[in-house]
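Protein chains: 2
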Amino acid sequence: MMNDRILGVLGGMGPLASAEFMRSLTLQTPALRDQDHIPAILVSDGRVPDRTAARQGLGPDPLPALIRGIRILEAAGCGAIVIPCNTAHGWYGGMAAATALPILHIVDAAAADLRAQGIEGGRIGLMGTAATLAMRLYEDHLPGYEVIRPDAAEQAELVTPGIELVKAADEAGAYTPLAEMAARLHARGARAVVLGCTEIPLGIAAGPPLPFLVVDTVAALARAAIAWSRA
Amino acid sequence: MMNDRILGVLGGMGPLASAEFMRSLTLQTPALRDQDHIPAILVSDGRVPDRTAARQGLGPDPLPALIRGIRILEAAGCGAIVIPCNTAHGWYGGMAAATALPILHIVDAAAADLRAQGIEGGRIGLMGTAATLAMRLYEDHLPGYEVIRPDAAEQAELVTPGIELVKAADEAGAYTPLAEMAARLHARGARAVVLGCTEIPLGIAAGPPLPFLVVDTVAALARAAIAWSRA
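Rendered as structure tokens:
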């Protein structure tokens, strides 16, 4: 039994992505019965101030709310933290400084997934929130890759509305704009497209599979958590 | 904003049902953005001793582990508790005696769903674990209904294997035996079939919809939680 360490999940950003993270964690853990699974505590608190608005100077700082969630996970005895929200990793430094627990970085998980798919470098596509793009979360953590991204019009017309549709529980409606944007990045030479906002894989899962490689950052983060649990 | 009360979810029994509860809670909450959702803390700890084995005298008492989970939810500031596992409600009295927080009973949620579907009495079918059936969890909480159930051979050949397949992450494989059993209860005159184990709706969702009324106890419990949040 390797499941004596409790995983802390700082979630609610959004809540549907957190539920999908828990599902992905469960389905990817080799298990025949309940007792084989990784014990986990999920704090799903959508009241964390909007990360994109904060980064654009249009809303309050989410860091205090993020740290309140971390305190709950610490008190519950968790041994590590994952955050199924790419944009929240813009506050990674502040969170890491506030806790002794390791926080498994979602971009590291995405990079591991790229390598596992045989993509060690070259051009990749990135889809994410406007804030994730503005903060250069991926570019600054993925040396050796050329990261291409939607232009401003595509971000406003395809990616942001797709993310918002998932947050409003319309996964089926989100498929068309998100799949269209992924296809454009693939057509521009991306060897894989990183679905770098945890809402995006939910929209993409609501329609036909994309005929090229993608990185599902929800599933990739779940695999990083499983690796931590077994280490 | 009506979301200042935190919902506590005592889960992990099994973990996939807990993830589905979080998804159902999110999808059924009227919301356009993260901040509209009900704050929730999920303790997903599959290490809780097997409830069916305990009731059959074949394993340790799960009550101490259940109460440890409740203590985490209390410490995190939760205002009520839900438990997305029917069988665990066999220890409802012991849990309720151990906490001042209200625990929303899953059989009450199922009864509300029967009424919402227009079924105020008469014959209904019940599928659940052998322990749920042996404890008469539903019969003793559903006055006015005639509850019919699988016979012992059907329980052993269809229901128990179906539940175990979901716990082993084979939702598609679980569909055939579970759907067959539900159809038999319907054919015996059940006006609706209560999917009275939280794994069962996951198996049923993996195939074609059943052509008769069912009560999905995961979705029903989520609706009870939403009603609590708004009360």
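Order-wise, the sequence lines are chains A and B. To convert, take the position in the first sequence, counting from 1, and add 14; that gives my numbering. To convert, take the position in the second sequence, counting from 1, and add 14; that gives my numbering. Glycine included, every Cβ here is placed at the ideal spot set by N, Cα and C.
- Within the segment 84–96 of chain B, contact with chain A at the beta-carbon level (separation under 7 Å) is assigned to I86, A89, A90.
- For D18 (chain A), no alpha helix (DSSP H) run applies, since DSSP gives it neither H nor E.
- The beta carbon of C99 (chain A) lies closer than 6 Å to those of M27, T212 in the same chain, with the five residues before and after it left out.
- Chain A places no beta carbon closer than 8 Å to that of Q169 (chain B), leaving this residue out of the contacts.
- About 7 Å separates the CB atoms of A102 (chain B) and L80 (chain B); that is less than 8 Å, so the two are in contact.
- Taking a 10 Å sphere around the C-beta of D165 (chain A), we find fewer than 16 other C-beta atoms and assign the residue as exposed.
- Annotation for R129 (chain A): the continuous alpha helix (DSSP H) segment containing it runs 120–130.
- Between R198 (chain A) and E178 (chain A), the gap from beta carbon to beta carbon reaches 8 Å or more.
- By the criterion of a C-beta distance shorter than 7 Å, M149 (chain B) is surrounded in its chain by R69, G104, once the five residues flanking it on both sides are discounted.
- In the DSSP annotation of this structure, the continuous segment of the alpha helix (DSSP H) that includes M36 (chain B) starts and ends at 29–42.
- Taking each of B:E185, B:E160, B:E194, B:L128 in turn and checking the Cα distance to P225 (chain B), the smallest one comes out for B:E194.
- By the C-beta density criterion, E160 (chain A) is exposed, having fewer than 16 other C-beta atoms within 10 angstroms.
- In this structure, the straight-line span from the alpha carbon of M36 (chain B) to that of L235 (chain B) is close to 11 Å.
- Scanning chain A for C-beta atoms nearer than 8 Å to the C-beta of H51 (chain B) yields G26, G28, P29, S58, G60, reported in chain order.
- In the DSSP assignment, A54 (chain B) falls within the unbroken beta strand (DSSP E) covering 54–58.
- Between the alpha carbons of A241 (chain B) and A126 (chain B) lies a distance of about 11 Å.
- Pairing I86 (chain B) with I55 (chain A) gives a Cβ-Cβ distance under 8 Å.
- For L235 (chain A), not one C-beta of chain B is nearer than 8 Å to its own C-beta.
- Put simply, the backbone Cα of V207 (chain A) is about 48 Å away from that of R129 (chain B).
- Cβ neighbours of L227 (chain A) within its own chain (closer than 6 Å, five residues either side excluded): Q131, A206.
- For A94 (chain B), the three-state secondary structure derived from DSSP is strand.
- Counting of Cβ neighbours within 10 angstroms places P29 (chain A) among the buried residues, the total reaching 16 or more.
- Where E178 (chain B) is concerned, the enclosing alpha helix (DSSP H) starts and stops at 174–181.
- When the alpha-carbon of P222 (chain A) is set against those of A:R237, A:A186, A:S243, A:T231, the nearest one is in A:A186.
- In the three-state scheme derived from DSSP, where H, G and I count as helix and E and B as strand, I214 (chain B) is classed as helix.
- Remark: C-beta atoms of L41 (chain B) and S243 (chain B) do not approach each other more closely than 8 Å.
- Using beta-carbon distances, R47 (chain B) counts as an interface residue toward chain A, with a partner under 8 Å.
- For V208 (chain A), the pairing in a beta bridge is given by DSSP as A:L140, A:V229.
- Rounded to the nearest whole angstrom, the CA to CA distance from A201 (chain B) to G25 (chain B) is 33 Å.
- Counting every other CB atom within 10 Å of its CB across the protein chains shown gives R65 (chain A) a total of 16 or more, marking it as buried.
- In this structure, M141 (chain A) lies near L209 (chain A), with their beta-carbon atoms less than 8 Å apart.
- Within the model, the alpha-carbon separation for A196 (chain B) versus I120 (chain A) is close to 42 Å.
- Look at Y159 (chain B) here: in three-state DSSP terms it is strand.
- In this structure, T174 (chain B) lies near A144 (chain B), with their beta-carbon atoms less than 8 Å apart.
- Boundaries of the alpha helix (DSSP H) harbouring P191 (chain A): 185–201, taken from the DSSP string.
- Setting aside the 5 residues that flank it on each side, R137 (chain B) is surrounded in the same chain by E160, I162, G203, A204, R205, each with a C-beta closer than 7 Å to its C-beta; the list follows chain order.
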